[in-house]
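The structure appears below as structure tokens.
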Amino acid sequence: MLEIKTAKSRKGKRELEKRAPKLVESGKKTLILHGTKTSAVLNAVLAQIYHLKKNYAVKFSRKNDNVKPFEAGGETSLEFFSLKTDCSIFVYGSHSKKRPDNLVLGRTYDHHIYDLVEVGVENFKPMEFFSYDKKLAPMEGSKPFIVFIGEGFEAVEELKHLKEVLLDLLRGEVAENLNLAGVDRAYVCAAVSPNRVLFTHCALRLKKSGTIVPRMELVEVGPSMDFVVRRHRPPNESLRKEAMKTSREKPKKKEKNVKKDELQGKIGNIYIPDQKIGEMAIPNKSKGVKRERREAKRKHGSDENASKRKKEDS
Amino acid sequence: MEVEKQHNFDVDLGNLMAFDSTHTFPSQPPLSREELIKQSLLKGTHLVQAIADALFTLPSTEDVDGPLVNLPQPLTKLPREKHLPKPKPPTKWEVFAKKKGIQKRKKDKIVYDEQTGTWKRRYGYDRANDEDAVPIIEAKPTDDPAGDPFAKRKENKKQRVEKQEKNRLQNLKEAAKFGALPSHIQLAATSLPITGTQAAPKKVTKDELGNVAGLAATATASGGKFDKKLPGEKPAQHKGKYRKFLPVVEGTGMGSLEREQTEKILNKIMSKNSHDILNVQKAVTMHTVKKEKKRRSENGNASATDKRSDKKSDKNFKTQKKSFKKGNFKKGKAKGK
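Taken in order, these protein sequences are the chains called A and B.
Position 311, counted from 1, in the first sequence is what our numbering calls 1044; the numbers after and before it change by one each time, with no gaps.
Position 103, counted from 1, in the second sequence is what our numbering calls 111; the numbers after and before it change by one each time, with no gaps.
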């Protein structure tokens, strides 16, 4: 006999439903972890990437000795972590003599490795390095502008791949609606040579221009670093084809409390919550109106009655 | 869907992304990093402005927090995170219903209860026309008088529930084959498959592990008695009975127990073989012989003949002795007499 495992609690069930495959996906979570050895630079890089991706990222703080994304068998525990944390982008930092300050950016499809890009970090400047007007500091989780500059992103295979991964990593929540007042950050990636990409994070200063469109100004807020492309593994062609599948139909949302009538047309039920008049705020609460006082009085009064009755009995 | 190509760059408004594929950074002479950053920021500002141009001209709706715009679909296709949700295969009933053309109908939640004459819920606690709640079942002439109709009803209900559970499991199995299980259900055989392993290994419980350890410990000559125990390890379970000896000295209390025990065993054996001890045939014969002897002796007394009777009695004694061996001899003798 097969054993059926179901969620034991409502909360657990909701969590599983959240993780289930969806028709339209809302955005990928990022897993940030490092290998047995890291450098101070790499630690800072990982921490700052986590900071940029807060609420949509999970950061592991312990050493992971059996994570080697590019080697056969080294992806097992990484895939397991991806399953456990429900993350489908990972940023893995490692530091060795051969590949100092190494960063592996990768994606998973169905919790299996989809593609990998390995970059080296150079000229890293943390956020603390930049001084700017703190009013401009971008809000946590705001949707960024992403800018790619340079022909390298089209001509060089590795950079083309890196561009796609970076876009997936940085774009944040997939949203249908955007609040224009919340536009406050931009990522600038520039391919300065066939294997080097400048990466910087900027705040946006919106200036009046006289038209609807404000004049944009970039203020560097960091972190800023150079990515030197090392190894990369593009996705398997068949896997890519499957992962790119999208559905035509949109998920239908169940319409609640709405009926259609032949004569009256559309009829909706509206539920109005209880008005709670008792808890209404009264501007002047005089002493006599206070609840404790009233209750005390009533209590006292009832006591008096009791004693009187007693007297009558005796 | 806006692609602006007039300035030699693409704008993907769905992702708020702009890409300039024509800009080249001069490699000769090599620029310092500051200059490169400066240059890219300058170019970046242009591109950001281009995104903003497209974004801020989109039709917007005013909201308390600010103007909201509806973003178009992203142009750059990015891979999915997980596969598309797979459609659930039809259950056996659904297949059957389709074949037979059985339509789903909405049923009222509340139905009329014949017994009480009130309206009650169709299902659940205190439901209408609940056959299981009928307190008296009228007997039919065809009914088996030995059977309990209430127990039978209960059994029937149990069987129906079991059948439904079996069907449900079957349908879930079928759904699992298509990978279309409901997200909150996992079949244990397919739970958490990890790359490199075919199936999730069966989890051994704590008790089972302890038992195995105990069994292994008995393999030593001392039966695991002098083995070093790990912290938290329990002593091996002793299976079987311990022998107990009772005091043989007679007395009261404990002293009498030994006697009682042996008597008990003896009684048991006696009662078991009692039919062998009492030979009914033999007893009957003995009884008849004794009776005859008595009668004869009475006869002898009445005639008061000494010699003949003496001789006869002697002979009789002989026959009596023989009669133990052969029943028919005595019969012949009786005839002759």
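Ideal placement from N, C-alpha and C gives every residue a C-beta, glycine not left out.
Query, Result
"Among A:Lys986, A:Ala780, A:Asp901 and A:Thr944, the one whose alpha carbon lies nearest that of leucine 838 of chain A", "A:Asp901"
"Neighbourhood of threonine 771 of chain A by C-beta, 8 angstroms cutoff - its chain only, sequence neighbours within 5 removed", "Leu779, Gly826, Ser827 and His828"
"Unbroken beta strand (DSSP E) run spanning valine 77 of chain B, endpoints", "76-78"
"Close Cβ partners of asparagine 799 of chain A (< 7 angstroms) along its chain, the five nearest in sequence each way excluded", "Gly807 and Ser810"
"Those residues which DSSP pairs with glutamine 57 of chain B across a bridge", "Bridge partners of glutamine 57 of chain B: none, in fact."
"Touch test, the region 859-875 of chain A against the region 934-945 of chain A, Cβ-Cβ under 8 angstroms, three pairs minimum", "yes"
"Cross-chain neighbours of alanine 919 of chain A in chain B, by beta carbon under 8 angstroms", "Gly52 and Val56"
"Best match in A:Lys985, A:Leu913 and A:Val952 for proximity to aspartate 61 of chain B [C-alpha to C-alpha]", "A:Leu913"
"Status (buried if at least 16 other CB within 10 Å, exposed otherwise) for lysine 334 of chain B", "Its pLDDT being 47, under 50, lysine 334 of chain B is placed unreliably in this model, and the coordinates cannot settle the point."
"Any chain B beta carbon closer than 8 angstroms to valine 880 of chain A", "yes"
"Inter-residue spacing [alpha-carbon to alpha-carbon] between glutamate 266 of chain B and aspartate 152 of chain B", "52 angstroms"
"Beta-carbon neighbours of arginine 88 of chain B, restricted to chain A and to distances below 8 angstroms", "Glu758, Tyr842, Ala976, Met977, Lys978 and Thr979"
"Per-residue contacts from tyrosine 847 of chain A into chain B (C-beta, under 8 angstroms)", "Pro87"
"Beta strand (DSSP E) runs contained entirely in the region 907-973 of chain A, provided each spans 3 or more residues", "910-912, 918-926, 929-940 and 948-966"
"Contact residues within the region 932-966 of chain A, judged by C-beta distance below 9 angstroms to chain B", "Thr933, Cys935, Leu937, Leu939, Thr944, Ile945, Val946, Pro947, Arg948, Met949, Glu950, Leu951, Glu953, Ser957 and Asp959"
"Under the three-state DSSP convention, the category glycine 768 of chain A falls into", "coil"
"Neighbour list for alanine 26 of chain B in chain A, Cβ cutoff strictly below 7 angstroms", "Val880"
"For proline 80 of chain B and proline 754 of chain A, believed in contact at Cβ under 8 angstroms, the rounded distance", "Contact flag wrong, Cβ pair sits at about 25 angstroms."
"8 angstroms Cβ cutoff, arginine 41 of chain B in contact with chain A", "yes"
"Rounded separation between alanine 347 of chain B and methionine 872 of chain A - CA only", "The question about residue 347 of chain B has no answer here: the residues shown for chain B are numbered 9 through 345."
"For glycine 1001 of chain A, the three-state DSSP class (helix, strand or coil)", "strand"
"Residues of the region 796-818 of chain A with Cβ closer than 8 angstroms to any Cβ of chain B, in chain order", "Gly806, Glu808, Thr809, Glu812, Phe813 and Leu816"
"Neighbour list for serine 264 of chain B in chain C, Cβ cutoff strictly below 7 angstroms", "In the displayed structure, chain C is absent; the protein chains listed are A and B."
"Which listed residue (A:Lys974, A:Gly853 and A:Asn788) has its alpha carbon closest to that of phenylalanine 932 of chain A", "A:Gly853"
"Span separating the alpha-carbon of methionine 958 of chain A from that of lysine 831 of chain A", "20 angstroms"
"Neighbour flag for aspartate 901 of chain A against chain B, beta carbons, 8 angstroms", "yes"
"Counted within 10 angstroms of its Cβ, other Cβ atoms place asparagine 78 of chain B as buried (16 or more) or exposed", "exposed"
"Cβ shell of proline 149 of chain B (< 6 angstroms), same chain only, five flanking positions each side left out", "none"
"Residues that glutamate 750 of chain A contacts on chain B, provided the C-beta gap is smaller than 7 angstroms", "Ser191 and His192"
"Contact check, isoleucine 879 of chain A vs leucine 895 of chain A, beta carbons under 8 angstroms", "no"
"Contacts around arginine 135 of chain B, its chain only, beta-carbon distance under 7 angstroms, and the 5 residues preceding and following it disregarded", "Lys128 and Arg129"
"Partner residues on chain B for isoleucine 765 of chain A, Cβ-Cβ distance less than 8 angstroms", "Those do not exist, as isoleucine 765 of chain A stays about 17 angstroms from chain B at its closest Cβ, beyond 8 angstroms."
"Other residues of its chain near alanine 221 of chain B: CB distance less than 6 angstroms, five sequence neighbours each side excluded", "none"
"Closer than 8 angstroms to chain B by CB, glycine 853 of chain A", "no"
"Three-state class that DSSP yields for phenylalanine 17 of chain B in the structure shown", "coil"
"Glutamate 736 of chain A, DSSP secondary structure in three states", "coil"
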